[in-house]
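To start, the structure under review is shown below, and the notes come after it.
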Amino acid sequence: MDFETIKTLGGIGAILMIVGVLGGIGIPYAGLASLIGMILVLVALKGMADYYQESGIFNNALYGLITTIIGVVIFAGVMVTVMLSMLSSAGIDLTNPLSIQEYFMNLNLENLMTFLGGIFAAIVVLFIFLVISAVFFRKSLNSLSAKSGEKMFGWAGLLWLIGAVLSIVAIGLILIFISWILIAVGFFSIKKAAAPATPTSSNLSST
1 MDFETIKTLG GIGAILMIVG VLGGIGIPYA GLASLIGMIL VLVALKGMAD
51 YYQESGIFNN ALYGLITTII GVVIFAGVMV TVMLSMLSSA GIDLTNPLSI
101 QEYFMNLNLE NLMTFLGGIF AAIVVLFIFL VISAVFFRKS LNSLSAKSGE
151 KMFGWAGLLW LIGAVLSIVA IGLILIFISW ILIAVGFFSI KKAAAPATPT
201 SSNLSST
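Residue numbering for the sequence shown follows our numbering, beginning at 1 and increasing consecutively.
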């Protein structure tokens, strides 16, 4: 792929990620947009890594994505384990939705605290993985910023990391959303490195 194609894919991918974030307010197919967007951004980062001969641009982004996936899987696993453990210990028939609904509607304080404790543990695990993931993504964006000279990527990486740390509250998610806007702007603004001037015959003869 040529440079212009790479930057276009990255910009479009970042825009699709923005659309995916907006899925929370009812935009159809937002999840699919996010998936396609992430793939396009990764393809663009791989292209930039090859262009600038800096493997960290792609590798750190890939590590960040893998870390996020692992965190989400563990989060879901902990949640399911807590719920199944509670229902099983109470002798609830897991094949009967009505009995499950009745159980949660009549939780006593002890069971409620156990349930909330499990949720808290799952959230803490997810939070840790999201912060680690943000560190990898920031390294990727910082490398791209250093190689390309486009400072927007550096700011995006910083906002992403701060947003991950503050993801417990709503402002963190807003910062991550803004970071994707900056990534989109960065891809569309990035300039191809000028080729070094080749000496002419007149220059050679004068030396």
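Where is the CB? At the ideal position from N, CA and C, for every residue including glycine.
Range of the contiguous alpha helix (DSSP H) that encloses residue i
i	result
Leu-19	According to the sequence provided, residue 19 is Val. The question's Leu does not apply to it. Per DSSP, Val-19 belongs to the alpha helix (DSSP H) from 3-21.
Leu-159	151-165
Ser-179	170-189
Straight-line Cα distance separating residue j from residue i
i	j	result
Val-43	Val-124	31 Å
Ile-74	Lys-191	40 Å
Val-131	Leu-161	7 Å
Glu-54	Ala-164	25 Å
Ile-242	Ala-121	Nothing in the structure corresponds to residue 242, since the chain is present only between 1 and 207.
Asn-60	Leu-45	10 Å
Arg-138	Ser-34	19 Å
Ala-76	Ile-168	17 Å
Tyr-17	Ile-128	Rather than Tyr, the amino acid found at residue 17 in this sequence is Met. Their Cα atoms are separated by approximately 22 Å.
Tyr-63	Ser-133	7 Å
Ser-88	Ile-69	28 Å
Gly-186	Met-83	44 Å
Leu-144	Leu-65	17 Å
Phe-177	Ala-30	14 Å
Met-1	Trp-155	27 Å
Ala-170	Ile-15	21 Å
Ser-189	Lys-151	10 Å
Leu-98	Leu-32	33 Å
Ser-206	Gly-157	Because Ser-206 carries a pLDDT of 48, less than 50, the predicted location of this residue cannot be relied on, and no value is offered for it.
Simplified DSSP assignment, three categories, for residue i
i	result
Lys-46	helix
Lys-139	helix
Ile-36	helix
Lys-192	coil
Ser-133	helix
Ser-88	helix
Ser-145	helix
Spatially closest choice to residue i from the options, by CA coordinates
i	options	result
Leu-173	Thr-5, Gly-20 and Phe-3	Gly-20
Ser-140	Gly-77, Val-78, Phe-153 and Leu-16	Phe-153
Ile-57	Ile-171, Val-135, Ile-176 and Ile-178	Val-135
Met-48	Thr-68, Trp-155, Gly-149 and Ala-121	Gly-149
Met-86	Val-41, Thr-114 and Tyr-63	Thr-114
Lys-147	Ile-66, Asp-50, Leu-84 and Thr-81	Asp-50
Ile-6	Val-41, Leu-32 and Gly-31	Val-41
Ala-184	Thr-8, Asp-2, Phe-3 and Met-1	Thr-8
Phe-3	Asn-142, Tyr-52, Ser-179 and Ile-15	Tyr-52
Val-216	Leu-32, Leu-116 and Lys-151	In this structure the chain extends from 1 to 207, so residue 216 is not present and cannot be described.
Asn-142	Leu-109, Thr-67 and Ser-179	Ser-179
Leu-126	Ser-189, Leu-32 and Thr-67	Thr-67
Residue j beta carbon less than 8 Å from that of residue i
i	j	result
Val-78	Gly-118	yes
Gly-13	Gly-37	yes
Leu-166	Leu-159	no
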